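Remarks on the structure that follows.
Residue numbers (this note's numbering): 120 to 263.
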């Protein structure tokens, strides 16, 4: 069970992120989670939004280079060791994690959430679910 993550290439300049968030906001798209990795000249903004197709349309229509990637979203215990439990399962299964980012919400104070990019989503899903770790369905994370 995967979730659509949108990667947006953003020029490193004052106001660059404000422009992207403005495009999304004026299109009625709400950001659920984000991460940014940067180089000297540009950044890659990775976002989970409530309406991925609408976001892609708005961003490409505004001239942004956008890529959609299928990632996993996993609820974790919002307590010491919560993240370690999930990462240990993947490590024991020999699954490499390309990157991850996490976030918490006010709606469920017991859980936080982690977004994972791995080479093989199906393999990671099998490893996690075999240990009783639930993955979020797209509508669950889009509606947080």
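From the three backbone atoms N, C-alpha and C, an ideal C-beta is built for every residue, glycine too. Everything numeric in this text was worked out from a predicted model, so none of it was measured.
Legend entry - Buried or exposed by the 16-neighbour rule on C-beta atoms within 10 Å, applied to residue 167: buried
Legend entry - Backbone CA spacing between residue 239 and residue 174 [nearest angstrom]: 25 Å
Inset, instruction - Would you kindly work out how many angstroms separate the C-alpha atoms of residue 196 and residue 146, rounded to a whole number? - result: 33 Å
Inset, instruction - Assign residue 199 to buried or exposed, taking buried as 16 or more other Cβ atoms, counted over all protein chains shown, within 10 Å of its Cβ. - result: exposed
Legend entry - Extent of the continuous alpha helix (DSSP H) run through residue 254: Taken as a continuous stretch (DSSP letters only), residue 254 belongs to no alpha helix (DSSP H), as it is neither H nor E.
Inset, instruction - Measure from the alpha carbon of residue 135 to the alpha carbon of each residue in 209, 157, 170 and 176, then state which is nearest. - result: 157
Inset, instruction - Decide if the segment 203-213 is in contact with the segment 175-190; the criterion is three or more beta carbon pairs, one per stretch, under 8 Å apart. - result: no
Legend entry - residue 232 and residue 194 closer than 7 Å at C-beta: yes
Inset, instruction - Could you check which residue in 247, 229, 236 and 177 has the C-alpha nearest to that of residue 123? - result: 236
Legend entry - Bounding residues of the beta strand (DSSP E) (the contiguous stretch that carries residue 234): 230-236
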